[in-house]
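Counting with numbering that gives the first Met the number 0, you get residues 0 to 499 for the letters of the sequence shown. To start, the structure itself, in structure tokens.
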Amino acid sequence: MKGFLHSIETMGLVDGPGTRTVFFLQGCPLRCAYCHNPDTLKRVGGQEVTPQRILEIANRYRPYYGEEGGVTFSGGEPLLQGEFVYECLKLLKHEGYNTCVDTSGFGNPVFYSKILPLVDTLILDVKAFDRESFRNLTTIDGFDSYVNFIANLDLWGFNGQIWIRHVMVPGQTDNEESMRRLVEIIKPVSHRVDRIEILPYHTSGVQKYSQLGIPYRLEGVEPMNKDKAKEFEVVANKLFSESLHQERKANELRKQEKLKLFRDKEIASKEERTDVFANLRKLPLLSDVDETDLDEVLNGVILLNIKAGEFIFRTGDPPDFMYLIYKGQMKIFYNTIDGEEQIFYIYRDGDFVGGLNLLVATPYRYIGQALTDCKVVAIPKAIFDKFFYHSPAVLRSVLAKSFERIRWAEELIQRLATSNASMKTAALLLKLVKLIGVETEEGIRLELSMNRGELGNYSGLRRETITRKLGEFKELGFIELVGNKVIVIKDLEALEGYVL
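Below, the structure written as structure tokens:
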């Protein structure tokens with residue numbers, strides 16, 4: 000494994016916290032008009048280095064890093080060399096280094112979920128605030144990709160802090176409206192933003208363009224006044240502070256509205272509450288809760304009656320509650336880019352969702368909707384943090400559920416990748432046998448809460464296809480269809496032959 004290195008700054012003071020060794024990598028897909036390192040644009044060239052060599056160089060300067068310093072990867076665009084950066088970060092984090100990546104968000108997305116969990120500070124370069132300006136500045140139509148990169152940082156596992164940087168060019172973004180748009184574009188990651196920096200446009204790299212025979216597109220534009228840029232930096236940070244305040248108020252309002260909605264759906268019968276509480280005490284989730292705290296825990300949770308078809312949570316909902324299904328079935332899904340519904344999981348009695356969201360403070364990424372009338376226990380974050388956060392039993396339960404979901408996701412990917420509709424249908428039926436199958440004299444009975452369309456969404460098939468395949472399996476004698484809501488598995492071995 001080798002990467003292409005342009006240059007090294009051994010005592011960097013501005014590219015991340017503290018004193019740092021900065022590795023400038025070759026390659027960038029953007030052609031920014033103000034780029035002062037045009038010699039880094041080609042991916043090949045410079046010095047070939049291994050991740051081990053990067054670690055050796057970092058070790059040499061480690062005594063100067065202090066408590067905050069460490070290693071920064073810049074460029075060019077470091078994410079363009081995704082595999083190399085990942086291997087370097089693995090070595091550095093194993094040795095306890097603080098890491099930073101300076102990026103414009105353009106690389107190979109395959110490596111994002113590997114790289115970003117290993118990054119302590121992300122220096123995020125905000126080039127422009129709309130498609131046209133972005134294309135004019137960088138020469139590519141990449142604005143949507145950039146916005147997508149920002150929106151998915153949490154999903155890719157980034158848990159560090161973000162420094163926002165914007166190069167201000169006179170006559171282009173040196174106005175308060177641009178600062179408002181800057182704050183708007185970083186809203187999806189505002190909870191991670193530690194600072195916003197406005198860098199004044201300068202012409203120190205212009206000579207390189209003439210040496211390389213490259214036209215300089217900002218010819219005649221005077222350098223940005225540093226004091227003026229600083230004034231706009233103050234404006235941007237003030238607007239950002241106001242935006243955070245408004246966001247907190249909006250989140251609190253949404254939280255109160257959701258709490259009121261939950262209270263309206265709360266189980267009212269005293270006998271029903273007593274019955275639910277008695278059964279909740281038996282769950283492993285509560286096994287570490289001290290007996291003296293049980294009453295406070297049980298009085299703090301909200302017991303909900305959710306009707307079939309009602310939503311329990313939606314994409315983007317903040318992690319204010321964890322949900323435990325006491326009785327009924329819930330589907331977890333998301334809507335694909337072409338408007339189709341893709342079901343990931345079907346949860347039933349005793350299952351829970353949201354524990355990991357509360358542990359790592361990340362919003363819900365999918366949609367939870369009741370398939371049947373459900374009784375759901377909503378555990379508020381305050382109760383979770385006080386009684387469950389440090390509980391080994393809860394952590395074991397969350398890890399077990401996460402592992403179960405990973406295995407199911409792997410099976411789903413394998414099923415969706417299978418081109419044969421018979422194999423997909425058989426795999427779906429076998430999964431349902433594990434989830435809801437009941438042995439009877441006639442065969443394994445599946446009492447369905449899903450219609451044909453939802454069965455298709457669960458298996459990666461269209462409604463017409465799943466209906467046709469079920470009909471074919473019936474004709475073959477593999478299954479029996481009883482109305483639209485019951486399937487009886489008559490020949491389990493035949494179904495297993497399609498997928499095992």
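Each residue gets a CB set at the ideal place from its N, CA and C atoms; glycine is no exception.
Check whether residue i and residue j have beta carbons under 8 Å apart
| i | j | result |
| --- | --- | --- |
| Pro362 | Pro317 | yes |
| Ile311 | Glu265 | no |
| Val288 | Tyr322 | no |
| Ala369 | Ala425 | no |
| Phe332 | Ile342 | yes |
| Lys380 | Asp319 | yes |
| Ala235 | Val182 | yes |
| Gly65 | Val109 | no |
| Ile122 | Cys87 | no |
| Ile56 | Thr20 | yes |
| Thr71 | Gly141 | no |
| Leu469 | Leu480 | yes |
| Tyr85 | Thr9 | no |
| Ser177 | Phe128 | yes |
| Arg30 | Thr138 | yes |
| Pro37 | Ile161 | no |
Strand pairing of residue i, partner residues [DSSP]
| i | result |
| --- | --- |
| Glu8 | Val21 |
| Gly367 | Phe312 and Ile331 |
| Gly69 | Arg19 and Asn97 |
| Trp162 | Ile122 and Arg194 |
| Leu302 | Val376 |
| Met321 | Ile378 |
| Met167 | Pro199 |
| Lys326 | Lys374 |
| Val352 | Tyr322 |
| Gly2 | Val48 |
| Leu480 | Ile486 |
| Gln341 | Tyr333 |
For residue i, the nearest candidate out of the options (CA to CA)
| i | options | result |
| --- | --- | --- |
| Arg164 | Asp319, Val13, Ser209 and Asn250 | Val13 |
| Pro50 | Ser73, Leu91, Ile185 and Asp226 | Leu91 |
| Leu40 | His5, Gly81, Pro379 and Lys306 | His5 |
| Val166 | Val205, Lys126, Glu256 and Ser203 | Lys126 |
| Gly68 | Asn224, Thr120 and Gly476 | Thr120 |
| Gly170 | Pro199, Val21 and Gly95 | Pro199 |
| Phe383 | Ile366, Ala360 and Gly95 | Ala360 |
| Gly436 | Gln160, Val485 and Gly459 | Val485 |
| Glu189 | Asp153, Tyr208 and Asp173 | Per the sequence shown, residue 189 should be read as Ser rather than Glu. Taking only the C-alpha atoms, the option nearest Ser189 is Asp153. |
| Asp263 | Glu251, Asn304, Ser132 and Glu339 | Asn304 |
| Ser401 | Glu176, Arg451, Gly353 and Leu480 | Gly353 |
| Asn278 | Ile324, Glu251 and Val397 | Ile324 |
| Val168 | Gly219, Gly327, Pro187 and Pro214 | Gly219 |
| Lys1 | Leu54, Glu55 and Phe83 | Phe83 |
| Ala420 | Arg395, Arg462 and Glu221 | Arg462 |
| Leu54 | Leu29, Phe22, Asn36 and Leu243 | Phe22 |
| Leu357 | Tyr346, Ala377, Asp348 and Gly349 | Ala377 |
| Asp348 | Asn151, Leu211, Lys326 and Glu94 | Lys326 |
| Leu491 | Ile443, Glu453 and Gly95 | Ile443 |
| Cys34 | Leu115, Tyr208 and Phe3 | Tyr208 |
Nearest-angstrom Cβ-Cβ length linking residue i and residue j, presumed shorter than 8 Å
| i | j | result |
| --- | --- | --- |
| Phe386 | Val275 | With 8 Å as the limit, Phe386 and Val275 do not qualify as a contact, their Cβ atoms being about 18 Å apart. |
| Leu427 | Tyr457 | 6 Å |
| Gly75 | Cys27 | 4 Å |
| Val487 | Glu441 | 5 Å |
| Glu196 | Glu232 | 6 Å |
| Ala32 | Arg216 | 4 Å |
| Val118 | Gly159 | 5 Å |
Counted within 10 angstroms of its Cβ, other Cβ atoms place residue i as buried (16 or more) or exposed
| i | result |
| --- | --- |
| Lys330 | buried |
| Thr273 | exposed |
| Lys281 | exposed |
| Met449 | buried |
| Lys269 | exposed |
| Gln25 | buried |
| Asn145 | Residue identity check: residue 145 is Tyr in the sequence provided, not Asn. When all chains shown are included, Tyr145 counts as buried. |
| Ala228 | buried |
| Arg313 | exposed |
| Thr439 | exposed |
| Asn107 | exposed |
| Asn58 | exposed |
| Gly455 | buried |
| Val43 | exposed |
| Lys423 | buried |
| Ala399 | exposed |
| Ile185 | buried |
| Val498 | buried |
| Asp143 | exposed |
| Lys430 | buried |
Residue i Cβ short of 7 Å to the ligand HEM heavy atom set
| i | result |
| --- | --- |
| Ile266 | This structure simply doesn't include the ligand HEM, nor any ligand for that matter. |
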